[in-house]
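Enquirer: The sequence shown begins at 448 in this note's numbering and counts up by one. All C-beta atoms, glycine included, are put in the ideal place defined by N, C-alpha and C. Only a predicted model underlies this, so the values are computations on that prediction, with no experimental measurement involved. So that we are looking at the same thing, I have put the structure below in structure tokens.
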Amino acid sequence: MRRGIRAVAAGLVFFFLAAPMVWAQAENANPQKKTGILLVAFGTSVPEAQKALDNIDEKMRAAFPEIPVRWAYTSSMIRKKLTKEGKTLDSPETALSQMMEEGFTHVAVQSLHIIAGEEYHELVRNAELFGRMAGGFERIEVGLPLLGDHYDMEAVAGVILGRIPGDRTASESVILMGHGTEHPANAAYPALMHYLQQKDFNVFVGTVESYPTIQDIMKMLAPKGVQKVYLMPLMAVAGDHARNDMAGDGPDSWKSVLAGARIDAVPILKGLGEYDEIVNIWIDHLREVVKRL
Ligand code: CO
């Protein structure tokens, strides 16, 4: 009872203190409000992989026709490589400074990463710092990567299952190649495998650099007597990892390792950014952020 009274009292105090502030804020709302979008990908230097990012660019601009769209790459290695080829791409920090300079007041940053790993968390941290800078943005927020929450997991699993080539038979497996990381967010990969296997027990998720490895996946395949698998990148683009570590002819590529176990591998060199249903999930995440600005 006493708690109830206290809650009501606190509510009234809040109302009288906060309500005038809210009104004042509305009155002072910046007439110069200038909103921008910054899309942030890991990046790629493989020309054939660029089409995934081009598709994302096109769909994003169509979804937010009134808001200018800028790009940044988080990979400094890729930015350096591109600079040598005469193509300049900004880091998120350079792009944000530029947007500050151009008078943007509200910025919606969208992470085009797959999981909320290192790059995503750095992006969030630095975006917050830009928001705190004197003369910085009034509002800046970062949208979740592709595998943000439970609903994303379900949606992404659904899209992937729908994009498996139609001539694949149920006894043939599908292995997705994620990047993998030391970051705790690596758990998103085995989690996605769980969602996929609720619908199709013959679909697996491995990573290049962490758990599960291709060897872990092959242990799962062994009792099934699988003879043929489809390989699909679980990355925004079908870039260097997809072309070399997954589908390459080198002795350590997934294709070669599988061939060593007499398993025939069919690589599908398509990045997730080439699937419109996947791009729509990123667009939904960005829409959430734009709404909050
Ligand atoms: Co890598």
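Please classify Arg-508: does DSSP put it in a helix, a strand, or coil?
Expert: Numbered from 1 along the sequence shown, position 61 holds the residue referred to as residue 508. Arg-508: helix per DSSP, three-state reduction.
Enquirer: Can Glu-656 be considered in contact with the ligand CO, in the sense that its beta carbon sits closer than 8 Å to one or more heavy atoms?
Expert: Here residue 656 refers to the residue found at position 209 when the sequence shown is read from its first residue. The answer is yes for Glu-656.
Enquirer: Rounded to whole angstroms, what's the CA-CA distance from Ile-617 to Leu-608? Just pull it up for me.
Expert: Reading the sequence shown from its first residue, position 170 is the one you call residue 617. Reading the sequence shown from its first residue, position 161 is the one you call residue 608. According to the sequence as given, residue 617 is Ala; it is not Ile. Using only the alpha carbons, I get a separation of about 12 Å.
Enquirer: Going by C-alpha distance, which of Ile-484, Arg-508, Ile-525 and Ala-563 is nearest Pro-631?
Expert: Looking up residue 631 in the sequence shown gives position 184. Ranking the options by Cα distance to Pro-631, first place goes to Ala-563.
Enquirer: If we count Cβ pairs, one from each stretch, closer than 8 Å, do we get three or more for the segment 539 to 548 versus the segment 707 to 716?
Expert: No, the segment 539 to 548 is not in contact with the segment 707 to 716.
Enquirer: Got a sec? Which residues, its chain only, sit under 8 Å from Asn-573 by beta carbon, not counting five neighbours each side?
Expert: Locating residue 573 in the sequence shown gives position 126, where the first residue counts as 1. If we look at Asn-573 and ignore the five residues flanking it on each side, its Cβ neighbours are Pro-539, Glu-540 and Leu-543.
Enquirer: Work out the CA separation of Ile-730 and Asp-599 for me, nearest whole Å.
Expert: Numbered from 1 along the sequence shown, position 152 holds the residue referred to as residue 599. Numbered from 1 along the sequence shown, position 283 holds the residue referred to as residue 730. Rounded to the nearest angstrom, the two C-alpha atoms are 12 Å apart.
Enquirer: Touching or not, the segment 618 to 627 and the segment 644 to 657, by the rule of three or more beta carbon pairs under 8 Å?
Expert: With a cut-off of 8 Å, the segment 644 to 657 and the segment 618 to 627 count as touching, because enough Cβ pairs lie within range.
Enquirer: Examine the Cβ distances between the segment 630 to 647 and the segment 682 to 693 and report whether three or more of them are shorter than 8 Å.
Expert: Contact between the segment 630 to 647 and the segment 682 to 693 is absent, because fewer than three Cβ pairs lie under 8 Å.
Enquirer: Using 10 angstroms around the beta-carbon of Phe-648, count the other beta-carbons present and answer buried if the total reaches 16, otherwise exposed.
Expert: Position 201 of the sequence shown, counted from the start, is the residue given in the question as residue 648. Classification of Phe-648: exposed, given that the 10 Å Cβ count is below 16.
Enquirer: Do you know offhand how far Val-427's Cα is from Ile-725's?
Expert: Outside the displayed span of the chain (448 to 740) sits residue 427, for which this structure offers no information.
Enquirer: Assign Leu-576 to buried or exposed, taking buried as 16 or more other Cβ atoms, counted over all protein chains shown, within 10 Å of its Cβ.
Expert: For this step, residue 576 is matched to residue 129 along the sequence shown. Looking at its Cβ environment, which holds fewer than 16 other Cβ atoms inside 10 Å, Leu-576 is exposed.
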